Amino acid sequence: MVMETMQIRLTRGLVEEIKKLVNRGIYPNSSECVRDAVRRLITGAGGKMEVPEAEKVQKQIVKEIKENFQKPTGTTDFYPEDLSIRNRVFNSLRKTANRYGFNEVESPAFEELALITKKSGEEIKKQVFTLEQKGDEQFCLRAELTPPITRMFVEKQKSIQKPVKWFGLSRMWRYERPQAGRLREFYQLSVELFGCDKADADAEIINLAINCLTDLGLTEDDFFVKINNRKLLQGLLLGIVKEDKLDDLIRIIDKVKKITPEEFEKELKLLKIDPKEIKRLLKCQTLKDVEQLKLNKLAKEGYNELKEVFNFLDGKFVKFDISVARGLAYYTGTVFEIYDKEEKFRALAGGGRYDNLVELYGGAKSSATGFGMGYSTISLLLKEKDLLPKPDISVDYFIVIIGEENKQEALKIINKLRKKYSVDYDLQGRNIKNQMNYADSINAKKVIFIGENEIKSGMLTVKDMKTRQQSKVSIDIL
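Taking my numbering, the leading residue of the sequence shown gets 110, the next gets one more, and so forth.
This is the structure we're talking about:
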């Protein structure tokens with residue numbers, strides 16, 4: 110009796126909960142989830158496991174999970190409504206980038222693994238999806254767009270006029286633990302500007318990132334931009350630590366707001382760095398605070414660059430933040446990150462100047478600056494602010510065919526209408542009432558009735574599904 114009750118509970122509720130836990134990455138696979146579920150379910154008051162029942166329960170859960178295919182962990186299914194929303198957001202991003210003079214490019218979905226490790230180091234191998242090696246070369250699914258777009262620039266560097274303004278908007282893959290705003294398969298806008306070392310280029314990139322968000326309806330009340338300069342930060346830190354500890358220290362500072370104060374101090378002490386010195390530095394809230402510090406040549410250069418960039422930006426969106434470092438060592442100048450005002454989500458966008466990457470990829474030395482913006486995170490903010498575009502999956506006309514004998518003539522009209530409009534009609538031979546119900550379900554804007562009378566008279570009855578008003582329209586006019 111106990112086992113029967115348990116099986117009913119499993120089949121009706123627990124299996125679905127287990128699927129959700131696996132999909133969210135709480136468990137690495139169904140088996141681990143099953144074991145834990147079984148242990149929790151059948152451990153008695155005294156903590157004793159009833160093994161025979163556990164085996165039966167486990168078989169039942171595994172059987173049901175295997176019979177229901179699920180999407181891979183950390184991925185998203187885009188149904189028509191979801192895809193319509195995503196496409197409308199993408200169209201907005203593309204239009205904004207085009208208005209700034211950027212042209213879209215597209216790279217292969219997979220690249221040489223060496224292209225990625227050259228920029229991000231060997232540790233990136235743990236985060237990328239590598240493909241089974243067929244020959245001497247090893248490939249991986251692209252985890253970001255800056256490396257492939259930079260590779261593309263290097264190939265054309267000698268023959269194209271500078272500056273070059275390109276962007277990509279594509280799918281990426283990273284093997285990470287899924288969470289809000291971070292998936293294993295995700296979409297990202299990547300904007301790159303090559304061949305200009307002026308502050309104008311950094312400001313152009315930041316202003317474009319801001320406008321990408323404002324064009325989606327967000328305002329200065331919804332997000333803000335944190336800006337820093339790597340030269341400024343490095344110059345200030347070199348007054349505290351030696352160069353061999355610099356990259357490690359920058360990585361720690363970059364995550365100061367993501368870890369507890371105790372964890373921050375612990376990591377600094379592991380590097381044998383006095384936390385008081387770093388905390389004093391992090392108290393700088395404005396560029397005026399920086400002016401009070403003793404600046405070496407490198408820090409002064411970064412400070413002057415940053416000051417010039419700020420001159421080209423709208424102050425209501427931007428603020429100086431000395432802790433913004435953009436962990437990766439390849440950044441060389443201005444760096445920035447964009448967050449929602451309450452900082453509830455991951456960064457909406459981030460980027461900066463990387464003047465050494467082109468040369469690292471075999472090109473002639475060239476300045477470069479850019480940013481990445483993830484769809485997953487901005488869609489969370491847009492949803493919270495009720496700014497997600499409404500899906501548009503309706504058809505212009507749904508044709509209600511009255512009588513099977515009129516189908517041939519109706520199809521002639523349908524084919525003519527399809528040269529200009531989106532048109533659908535009933536494929537199943539349903540009665541008029543059910544055809545109208547179907548037209549409602551697919552959000553048809555208008556319904557056209559075609560029967561013997563309409564064909565003979567050449568006048569069609571058109572019903573507006575929003576106003577419910579009907580009118581007669583000539584076939585020729587329509």
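The beta-carbon is built from N, C-alpha and C at its ideal position, and this holds for glycine as well. Predicted model, so just to flag it, every value in this text is computed and none were measured.
Expected contact under 8 Å - CB spacing of residue i and residue j to nearest Å
i           : j           : result
residue 183 : residue 293 : 3 Å
residue 303 : residue 332 : With 8 Å as the limit, residue 303 and residue 332 do not qualify as a contact, their Cβ atoms being about 27 Å apart.
residue 441 : residue 339 : 6 Å
residue 427 : residue 444 : Not really, about 13 Å apart at Cβ, beyond 8 Å.
residue 481 : residue 298 : 7 Å
residue 277 : residue 214 : 6 Å
residue 393 : residue 431 : 5 Å
residue 344 : residue 405 : 5 Å
residue 341 : residue 361 : That pair is no contact at about 17 Å.
residue 190 : residue 221 : 38 Å between Cβ atoms; not a contact.
Cutoff 7 Å; reference residue i; Cβ partners in own chain excluding five residues on either side
i           : result
residue 473 : 266
residue 455 : 290, 291, 486
residue 439 : 228, 463, 465, 466
residue 236 : 252, 283, 284, 285
residue 358 : 346, 350, 380, 382
residue 541 : 509, 511
residue 329 : 425, 426
residue 491 : 325, 497
Any chain B beta carbon closer than 7 Å to residue i
i           : result
residue 475 : Given the protein chain composition of this structure (a single chain), no chain B is represented.
Bridge-paired residues (DSSP) for residue i
i           : result
residue 248 : 221
residue 432 : Looking at the DSSP assignment, residue 432 forms no beta bridge with any residue, so it has no partner.
residue 280 : 296
residue 460 : 445, 480
residue 507 : 533, 556
residue 336 : 429, 445
residue 580 : 571
residue 301 : 275, 479
residue 179 : According to DSSP, residue 179 bridges with nothing at all.
residue 212 : 275
residue 360 : Paired residues: none, contrary to the question.
residue 291 : 288
residue 226 : None; residue 226 has no bridge partner.
Neighbourhood of residue i by C-beta distance below 8 Å, restricted to the same chain and skipping five residues each side
i           : result
residue 516 : 510
residue 546 : none
residue 52  : For the chain, the structure presents residues 110 to 587; residue 52 sits outside this window and is missing.
residue 272 : 302, 303, 304, 305, 310
residue 233 : 225, 226, 252
residue 161 : Its pLDDT being 49, under 50, residue 161 is placed unreliably in this model, and the value from its coordinates should be taken loosely. Cβ within range, chain order: n/a, list empty.
residue 281 : 250, 251, 252, 253, 254, 294, 295, 296, 297
residue 154 : Annotation note: pLDDT 48 at residue 154 (below 50); position unreliable, coordinate value reported separately. Cβ within range, chain order: n/a, list empty.
residue 195 : 187, 296, 484, 488
residue 113 : Here residue 113 scores only 42 on pLDDT, less than 50, and its place in the model should not be relied on; the value that follows carries that caveat. Around residue 113: no qualifying Cβ.
residue 450 : 330, 331, 332, 333
Same chain, Cβ closer than 6 Å to residue i, five either side skipped, listed in chain order
i           : result
residue 446 : 335, 433, 456, 459
residue 582 : 569, 571
residue 354 : 380
residue 216 : 257
residue 525 : none
residue 364 : none
(request) Take every Cβ of the stretch 484-504, pair it with every Cβ of the stretch 317-325, and state whether three or more of those distances are shorter than 8 Å. (result) yes
(message) Counting beta carbon pairs with one atom in the stretch 415-422 and one in the stretch 383-391, are three or more of them shorter than 8 Å?
(response) no
(message) Any contact between the stretch 523-532 and the stretch 498-507? By contact I mean 3 or more CB pairs, one from each, below 8 Å.
(response) yes
(request) Could you name each continuous alpha helix (DSSP H) segment of 4 residues or more that falls completely within the stretch 384-434, going from the start of the chain to the end? (result) 384-391, 396-400, 406-420
(request) Check whether the stretch 206-213 touches the stretch 233-248, taking contact to mean three or more Cβ pairs, one atom from each stretch, closer than 8 Å. (result) no
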